[in-house]
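The next block holds one structure in the form of structure tokens; read it before the comments.
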Amino acid sequence: MTRRRGEIPLLLAMTYRAMTEALHDRIAAEGREPLRPAHGYTFRLLLDHADVTSVDLADHLGVTKQAASKIVAELEGWGYVERRPHPTDGRARVLALTDKGHAYVRHADEMWAEIEDRWAAVIGAQRLDDIHHDLRAYVDEVAGGRAVLRPVW
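Quick note: the UniProt record's numbering has the sequence shown finishing at residue 153, numbered continuously throughout.
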């Protein structure tokens, strides 16, 4: 098959979409709350950064403060996130994963690994390892090792 120039970004987007849909299908089959990709980006931000506020979340997700507040309210209502006093700003509240939130992230990581295993079964484990290495090298080169996982709306 001949590679069409300019098609790689589209294939990467379609691959990500297919993998995300597979994950969300599993979540739905388990009877969990109706988590969406925005929730996943929120989990990752809170996992990787301390003292995140709703304003920080809105900026990270590229949404309004109201939309970020709605996401936080959903996650808080489901018991995945809690608001705590900000350590230096008495007016602000920081967001943190609860034990349930951390457990969900571990479970999601296991599901992502199983989805990757399916990909390895299709193309071979070594080829998937090579793709992983090549994608990491590209991200590190282009973003100088500072790539941030954020949604592309």
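Virtual Cβ for every residue (Gly too), placed ideally from N, Cα, C.
Residue i versus residue j - alpha carbon distance
i: Ile-105; j: Leu-128; result: For clarity, residue 105 is Val in the given sequence; the question names Ile instead. In a straight line, the C-alpha of Val-105 is about 23 Å away from that of Leu-128.
i: Tyr-16; j: Ile-27; result: 16 Å
i: Gly-90; j: Arg-83; result: 13 Å
i: Gly-40; j: Arg-146; result: 20 Å
Residue range of the beta strand (DSSP E) that includes residue i
i: Arg-93; result: 93–97
Cβ-Cβ distance between residue i and residue j below 7 Å
i: Leu-95; j: Val-81; result: yes
i: Lys-100; j: Gly-79; result: yes
i: Ile-115; j: Met-19; result: yes
i: Leu-97; j: Leu-57; result: no
i: Leu-149; j: Arg-44; result: yes
Proximity winner among the options, relative to residue i (alpha-carbon distances)
i: Asp-117; options: Ala-22, Arg-3, Ile-8 and Pro-9; result: Ala-22
i: Glu-30; options: Ile-8, Leu-12, Met-111 and His-86; result: Met-111
i: Glu-33; options: Ile-71, Met-1 and Val-139; result: Ile-71
i: Ala-67; options: Glu-76, Ser-54 and Trp-119; result: Ser-54
i: Thr-88; options: Asp-51, Ile-8 and His-24; result: Asp-51
i: Arg-59; options: Leu-75, Glu-74, Asp-48 and Thr-42; result: Here the sequence assigns Asp to residue 59, which means Arg is not the residue at that position. Nearest C-alpha to Asp-59: Thr-42.
Start-to-end residues for the alpha helix (DSSP H) that takes in residue i
i: Val-72; result: 65–77
i: Val-81; result: Counting along the chain, Val-81 falls outside any alpha helix (DSSP H), though it belongs to the beta strand (DSSP E) covering 81–85.
i: Leu-61; result: 54–61
i: Ala-137; result: 125–143
Residue i Cβ short of 6 Å to the ligand ADP heavy atom set
i: Val-122; result: In the structure shown, the ligand ADP is absent, as is every other ligand, since no ligand is present at all.
Could you tell me which whole alpha helix (DSSP H) segments of length 4 or greater appear in the region 27–52? List check, alpha helix (DSSP H) in window: 37–48.
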